[in-house]
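In our numbering, the protein residues as written are 170 to 631.
Structure first, commentary second.
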């Protein structure tokens, strides 16, 4: 039986960045090589049809598990469990190839950009990330691209296999009751925190200044200067700016409507007028059409918001706060209807726990800005409007609500239902994956290094 306080080898593997959907906080887990230091002697240890497993794949995953265990005892067969999980992933890739399961290049690009933006934010700047790996950002992306594509295909296969699996309250209770009482985890203080965000609206003067600057750049390009050089110099799109504004190929309805409509009116090489979207103002050049796809480059400029714009956002939130405190609207409904933070608005404004998908956040894992804000707050309290900068650098204001504060306790169904339900669901999905594995293991060619014969790689993972 798998206790819900510990992840199985497979779940740990899927959550360590070996499948898309999560981003590790460790730069060593980027999967694009390591800075100079102790290297693993590499060799192919398993073949699954056209897919291969390297010794380094296994050893890196094992090292990550050791790190995450933080000194706690590890199962003696952990390497085998991890290797079985890797083989399962490779089997999914092999079957995806025969079943023609593919992911779009645009999806791979978006995932690459998301991961790079995350790591740049964590390490401090693009320059620091490049220095850490001793590679330019473009090469880091190129190195990571094949792995990300594999991960997205594995995720798509996993969704097809187990995506519709659900658990009932009865199954959750049964799962919890199977856990020995002395194995129940002890949770530290956890909180539920909500926020409502209002972006500072850009004033007309700032918009006109941005449009004028882009029109000046447009005139310089028409006068013979290089679009790519000016994009590298001026574009505020961190993903494409360093590549001369190049976005690559996209199909219809994959980019925001304003951008697509302007791009598809152009002939190859032609420049668009200035186009406004939710991201800012664009100057677009069409490069090529190919079937129902098209490639472009662009220069993006974002108007800066002034103090008056922030004040207006603060005034809106102050009025909304009074309505919530006066019980004329709930915080959850106000967040859903009026928050500009789309990541939390659909969940009543509650910040998500990215580890388990729930809403309870360990106090010691909170963002410092949130921690010091709620440190002296009482449950139910809502802050006045506070200055805030979004992940993509936009000025905003927000109000913060402390919904609950759960003291340290041993796990129980009343306080920890979400966590237990998620663990029960994970176990049930794992069983669905196991059944699929047993059904399809005979449809592939598998060859393993004799060193790993005892791992019984074509047996069920559990």
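By construction, the Cβ of each residue, glycine as well, lies at the ideal position given by its N, Cα and C atoms.
None of the values given here were measured: they were computed from a predicted structure.
Cβ neighbours of residue i in the same chain (closer than 8 Å, five flanking residues each side left out)
| i | result |
| --- | --- |
| residue 614 | 216, 217 and 218 |
| residue 334 | 594, 597, 598 and 601 |
| residue 461 | 420 and 421 |
| residue 321 | 189, 272, 276, 277 and 280 |
| residue 211 | 223, 224 and 225 |
| residue 398 | 413 |
| residue 515 | 505 |
| residue 542 | 552, 555 and 569 |
Residues near residue i by beta carbon distance below 6 Å, same chain, minus five either side
| i | result |
| --- | --- |
| residue 563 | 368 |
| residue 344 | 593 |
| residue 501 | 517 |
| residue 423 | 275 |
| residue 482 | 367, 369 and 566 |
| residue 248 | 231 |
| residue 174 | Here residue 174 scores only 33 on pLDDT, less than 50, and its place in the model is too uncertain to base an answer on. |
| residue 458 | none |
| residue 406 | 469 |
| residue 625 | none |
Residue i Cβ short of 8 Å to the ligand ATP heavy atom set
| i | result |
| --- | --- |
| residue 353 | As far as ligands go, the structure on display features none, and thus does not contain the ligand ATP. |
Cβ separation of residue i and residue j, assumed to be a contact under 8 Å, to the nearest whole Å
| i | j | result |
| --- | --- | --- |
| residue 281 | residue 323 | Rounded, the Cβ-Cβ distance is 16 Å, inconsistent with contact. |
| residue 400 | residue 392 | In fact, because the Cβ distance is near 16 Å, the residues do not count as touching under 8 Å. |
| residue 348 | residue 403 | Not quite, the Cβ-Cβ distance comes to about 58 Å (not below 8 Å), so this is no contact. |
| residue 449 | residue 416 | About 14 Å; that fails the 8 Å criterion. |
| residue 214 | residue 617 | 7 Å |
| residue 554 | residue 486 | 4 Å |
| residue 464 | residue 396 | Between residue 396 and residue 464 the Cβ distance is about 13 Å, and since that is not below 8 Å, they are no contact. |
| residue 338 | residue 580 | About 17 Å; that fails the 8 Å criterion. |
| residue 687 | residue 452 | What the structure shows of the chain is the stretch from 170 to 631, and residue 687 is not part of that stretch, so it cannot be assessed. |
| residue 267 | residue 577 | Not a contact, Cβ separation roughly 51 Å. |
Cβ-based neighbour list, residue i, same chain, cut-off 7 Å, excluding 5 preceding and 5 following
| i | result |
| --- | --- |
| residue 436 | 455 |
| residue 410 | 400, 401 and 404 |
| residue 525 | 588 and 591 |
| residue 331 | 598, 601 and 602 |
| residue 305 | 299 |
| residue 319 | 262 |
Best match in the options for proximity to residue i [C-alpha to C-alpha]
| i | options | result |
| --- | --- | --- |
| residue 557 | 568, 551, 547 and 335 | 568 |
| residue 540 | 571, 222 and 272 | 571 |
| residue 340 | 612, 466, 625 and 597 | 597 |
| residue 383 | 443, 426 and 560 | 443 |
| residue 511 | 254, 560 and 326 | 560 |
| residue 447 | 509, 246 and 374 | 509 |
| residue 623 | 246, 329 and 269 | 246 |
| residue 425 | 350, 332 and 445 | 445 |
| residue 270 | 373, 327 and 441 | 327 |
| residue 495 | 342, 286 and 549 | 549 |
| residue 227 | 240, 255 and 241 | 255 |
Residue i and residue j closer than 9 Å at C-beta
| i | j | result |
| --- | --- | --- |
| residue 366 | residue 566 | yes |
| residue 532 | residue 522 | no |
| residue 595 | residue 356 | no |
| residue 284 | residue 235 | no |
| residue 535 | residue 363 | no |
| residue 296 | residue 408 | no |
| residue 621 | residue 243 | no |
| residue 528 | residue 361 | yes |
| residue 551 | residue 466 | no |
| residue 264 | residue 499 | no |
Under 8 Å, with one C-beta from each stretch per pair, do the region 426-433 and the region 300-316 reach the 3-pair mark?
no
Using 8 Å as the cut-off, can you tell me whether the region 587-605 makes contact with the region 377-394, which would need three or more C-beta pairs spanning the two stretches below that distance?
no
Would the region 502-516 count as touching the region 582-591 if we require 3 or more Cβ pairs under 8 Å?
no
Would the region 243-260 count as touching the region 220-235 if we require 3 or more Cβ pairs under 8 Å?
yes
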